[in-house]
Amino acid sequence: MVHKHPEEDVFREFLIAVMLHIEAIADRLDVHHVDVAALILLEMRGPLPVGAISEELGLPSASTTRLIDRLEKAGYARRVRGERDRRTVTVELVEDGMAEYHATRETSERHLEEIRAHYSPEQVPLMLGMLTRVARAYRSATRELRENPA
187 MVHKHPEEDV FREFLIAVML HIEAIADRLD VHHVDVAALI LLEMRGPLPV
237 GAISEELGLP SASTTRLIDR LEKAGYARRV RGERDRRTVT VELVEDGMAE
287 YHATRETSER HLEEIRAHYS PEQVPLMLGM LTRVARAYRS ATRELRENPA
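Residue 283 in our numbering sits at position 97 of the sequence shown, with consecutive numbering throughout.
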C-alpha cells in the first residue's frame, strides 16, 4: 500500500507508542488499559459521575461498572454516594493508593520533558494546539466507528 501523505506514518507511530505505553502502565498497575484511561481522566477532571466516565470513555454502563469495580479493588478509586440523593454515584481517586500510578506518570513526564527542551516557549502553544486537534480527531473517529459498526 502506497501512502499519499508521509505524515500518516508519523501519526501511526505515535498511536503505536501511546498504545504500548498505556499497556505498560496497565501491566505495572495490574489493571486493564481502559482502567488507565479512567485514572488519567479522573486525575485531569477530578471526581466524576459514573455516567460521565462511561460517556468520556465510550463504554456501556455495565463495562463502566466493572471498570470501577477493578479500580476499587486495586485501591485506586472509590464510589461516593450523593449526600442529598443517595442514588447518585461519583467516582474519585484514592490518593493513598496512587503511589504506583504516580511513579509511572513521573517516568512519562521525565521523557516528555526531554522533548520540551528542544522547543522554544513560542512553539509550545502550537504543539499543544496540534495535539488537542489530534485528540479531537481520534475521539470523533472513535465515535464514528462505534456508532456505525461494519
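Note that CB positions come from ideal geometry on N, CA and C, so glycine has one too.
Boundaries (first-last residue) of the beta strand (DSSP E) holding residue i
{"i": "residue 272", "result": "Segment: none, residue 272 is in no beta strand (DSSP E) and carries neither H nor E."}
{"i": "residue 210", "result": "First-last for residue 210: 193-215, but that is the alpha helix (DSSP H), not the beta strand (DSSP E)."}
{"i": "residue 263", "result": "263-267"}
Among the options, the one whose alpha carbon lies nearest that of residue i
{"i": "residue 325", "options": "190, 245, 271", "result": "245"}
{"i": "residue 216", "options": "259, 243, 191, 302", "result": "259"}
{"i": "residue 291", "options": "311, 240, 210, 314", "result": "210"}
{"i": "residue 293", "options": "268, 275, 194, 214", "result": "214"}
{"i": "residue 393", "options": "203, 265, 204", "result": "Missing from the structure shown is residue 393; the chain here goes from 187 to 336 and no further."}
{"i": "residue 286", "options": "195, 212, 203", "result": "212"}
{"i": "residue 261", "options": "221, 204, 304, 323", "result": "221"}
{"i": "residue 329", "options": "207, 241, 204, 224", "result": "241"}
Nearest-angstrom Cα separation, counted from residue j out to residue i
{"i": "residue 218", "j": "residue 200", "result": "21 Å"}
{"i": "residue 316", "j": "residue 253", "result": "30 Å"}
{"i": "residue 263", "j": "residue 191", "result": "43 Å"}
{"i": "residue 283", "j": "residue 248", "result": "24 Å"}
{"i": "residue 256", "j": "residue 298", "result": "29 Å"}
{"i": "residue 300", "j": "residue 313", "result": "15 Å"}
{"i": "residue 289", "j": "residue 226", "result": "13 Å"}
{"i": "residue 305", "j": "residue 197", "result": "20 Å"}
{"i": "residue 333", "j": "residue 327", "result": "10 Å"}
Within-9 Å CB hit, residue i to chain B
{"i": "residue 223", "result": "Looking at the structure shown, chain B is missing, and only one protein chain is on hand."}
Opening and closing residue of the alpha helix (DSSP H) in which residue i lies
{"i": "residue 310", "result": "310-333"}
{"i": "residue 292", "result": "285-302"}
Q. Are three or more beta carbon pairs between the stretch 273-281 and the stretch 228-247 nearer than 8 Å?
A. yes
Q: Could you name each continuous alpha helix (DSSP H) segment of 4 residues or more that falls completely within the stretch 214-256, going from the start of the chain to the end?
A: 219-231, 236-243
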